[in-house]
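*Asks:* Quick one: the structure is below, and I'll ask about it shortly.
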Amino acid sequence: MAAAFRLQRPGPGNAPGDTAVDQTYRNRRIRVTWIPSGGSAEQGRWHVTVDGRPLHLMRRADGTWLSMVDHYCSYRSPLEAARAAVDELGPGRRLRDLDPEPAGAGHVHTGDRHGVRA
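Residues are numbered in this note's numbering as their position in the sequence shown, beginning at 1, plus a constant of 276.
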């Protein structure tokens with residue numbers, strides 16, 4: 277049985293982009309990395325990949341996480357969301373690589389503003 281743990285954001289002693297988790301789960305490689313932004317180690321986002329392909333996550337208002345693979349279930353951590361995505365994908369299916377930019381390069385915009393007015 278795998279030990280349960282909570283991912284911690286890196287503190288001042290950690291290098292930006294250090295891998296918090298690098299593990300094999302059901303023959304899939306899951307990597308979870310904290311990507312700082314705004315010049316502070318406390319501000320940033322989790323970058324999660326499954327077999328080298330990005331798994332896009334979103335944080336819910338209650339602090340749980342959902343993934344692009346399953347929008348209906350909530351998970352306590354990015355790692356739990358990644359494991360659930362692997363379970364949902366099953367053997368032989370892979371995530372589509374939707375992120376043409378390197379990790380930490382920011383959000384890629386394609387197309388117009390989609391009716392957003394500022």
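A virtual CB, placed ideally from N, CA and C, is assigned to each residue, including glycine.
(1) Who are the Cβ neighbours of D298 in its own chain at under 7 Å, not counting the five residues just before and after it?
(2) Chain B beta carbons: is any one of them nearer than 9 Å to that of P354?
(3) Determine the extent of the beta strand (DSSP E) in which L365 is found, giving its start and end residues.
(4) Which residue marks the beginning of the beta strand (DSSP E) containing T309, and which one marks its end?
(5) With H, G and I counted as helix, E and B as strand and the rest as coil, what does DSSP make of L371?
*Replies:* Checking against the coordinates, here is how it stands:
(1) Answer for D298: R307, listed in chain order.
(2) No chain B is present in this structure, which holds just one protein chain.
(3) Premise fails: L365 lies in the alpha helix (DSSP H), 354-365, not in any beta strand (DSSP E).
(4) 304-313 is the span of the beta strand (DSSP E), which, as asked, contains T309.
(5) Correct three-state label for L371: coil.
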